[in-house]
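Here the sequence shown is numbered in my numbering, starting from 281 and rising by one per residue. Glycine included, every Cβ here is placed at the ideal spot set by N, Cα and C. This one's a predicted model, so the numbers in the text were calculated from it and none came from an experiment. Notes to accompany the following structure.
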Amino acid sequence: MRATAPTLGLTMTMTALVVLPQTPIYAQAANEPELQEWTVPYEGSRPRDPMLGPDGKVWFVGQVSDYVAALDPETGSFERFDLTEGTGPHNVIVDRDGTLWYAGNRDRHIGHLNPETGEISKIEMPDGAARDPHTLTFDSHGDIWFTVQGGNFIGKLTTSTGEVRLVEGPRVRSDRGSSSRPYGIVVDAEDRPWIALFNTNAIATVDPETFELETFELPENALPRRLDVTSDGMVWYGDYRRGYLGRLDPATGEVSEWTLPSGEDARPYALAADDADRIWVVETGVQPNRFVGFDPRTESFTSVPVESGGGTVRHMYFDAESNAIWFGADTNTIGVAKLPPGRPVSD
């Protein structure tokens, strides 16, 4: 474990407002989600990881163009905040007060952006080996757990103080390097982070009190990439290599699997659970990408295409108030999947 005080660098950003037409809503049937996409005006920027903020705007990053931006879904307008060149933002999350936090994936920092002033504070990683902060997620206290893929760390940022603690992931022998590649991350109801180790067939967790790391083995050759937790504490993951949707029971270590509709070609990537405990995952090995739903109570799948093609849909967030999932696509779009009504979990 390592701890550090924050290193802060203040910058101001420029904003730009652009309005573009939105694409039509697409749906196949009443029991399937309605997908809608907006074309992002910043060409070739890989818009990704959109999250609905308390102001009603949808915030996202441009991974290859060094920006944080907002979509107003009511008007179709976009507003852009430029980051320092070379930041390579990988992920953005929105706090309850509307503050934005982003992962500076190519510049070893987590950034704190005030959208009212454009002011940015940078919190540097305490270990030079933690070179690529990857995915961020809040716990119930507003602190941030995050992954460092190439650097092989799981970290926690205490947002009130800027303190960062790092836990090193397992080392592996692989033609993809020695890092276990901590990738997707989610926090459960007990504030425990769960992490997909994308260079292994394992999922990890960190004790938030002791910072001890524990791993759970998945079937041989499994390759988890993104994951989420349902209300019963089950950890769900997409097996990027084998084309399965999987469920880990942390209490027993038991794993259950279901073959995705596209089978070995599925390449499941973005994944989210809704408040009815349905699992939604995007198959990126097929073109157009397929937006797939799974109901564990009936063990049934639904599947609709991503209208723009998707390229690759990498990460997405569920918004309970609107019963919708937001996603970004390599086809330079921001999209929303308006979900069909789900049965209450208690049913």
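- With contact defined as three or more Cβ pairs closer than 8 Å, the segment 382-389 and the segment 361-369 are in contact.
- In this structure, I403 and V444 form a Cβ contact; the two beta carbons are roughly 7 Å apart against a cut-off of 8 Å.
- Contact annotation: V593 and A546 have beta-carbon atoms that are not nearer than 8 Å.
- In the structure shown, D610 falls within a coil segment according to DSSP collapsed to helix, strand and coil.
- For a cut-off of 8 Å, the C-beta gap from N501 to P327 is around 32 Å, too long to register as a contact.
- For V452, no beta strand (DSSP E) encloses it, and the DSSP letter there is neither H nor E.
- Unbroken beta strand (DSSP E) runs of no fewer than 3 residues, entirely contained in the segment 353-396, are found at 357-362, 369-374, 380-384 and 389-393, following chain order.
- No residue range can be given for M405, since it is assigned to no beta strand (DSSP E) and is classified by DSSP as neither H nor E.
- In the three-state scheme derived from DSSP, where H, G and I count as helix and E and B as strand, G422 is classed as coil.
- Here the segment 386-398 makes no contact with the segment 572-587; the two share fewer than three CB pairs at distances below 8 Å.
- The three-state secondary structure of D346, taken from DSSP, is coil.
- Under DSSP, D487 takes part in no beta bridge, so it has no partner.
- The residue from D346, D352, G324 and R506 with its alpha-carbon nearest to that of K337 is D352.
- It is roughly 15 Å from the alpha-carbon of L315 to the alpha-carbon of E563.
- C-alpha of I614 to C-alpha of R527: approximately 28 Å in a straight line.
- Distances from the alpha-carbon of P621 to those of F358, W606, E601 and V566 put E601 closest.
- The DSSP-derived three-state label of D335 is coil.
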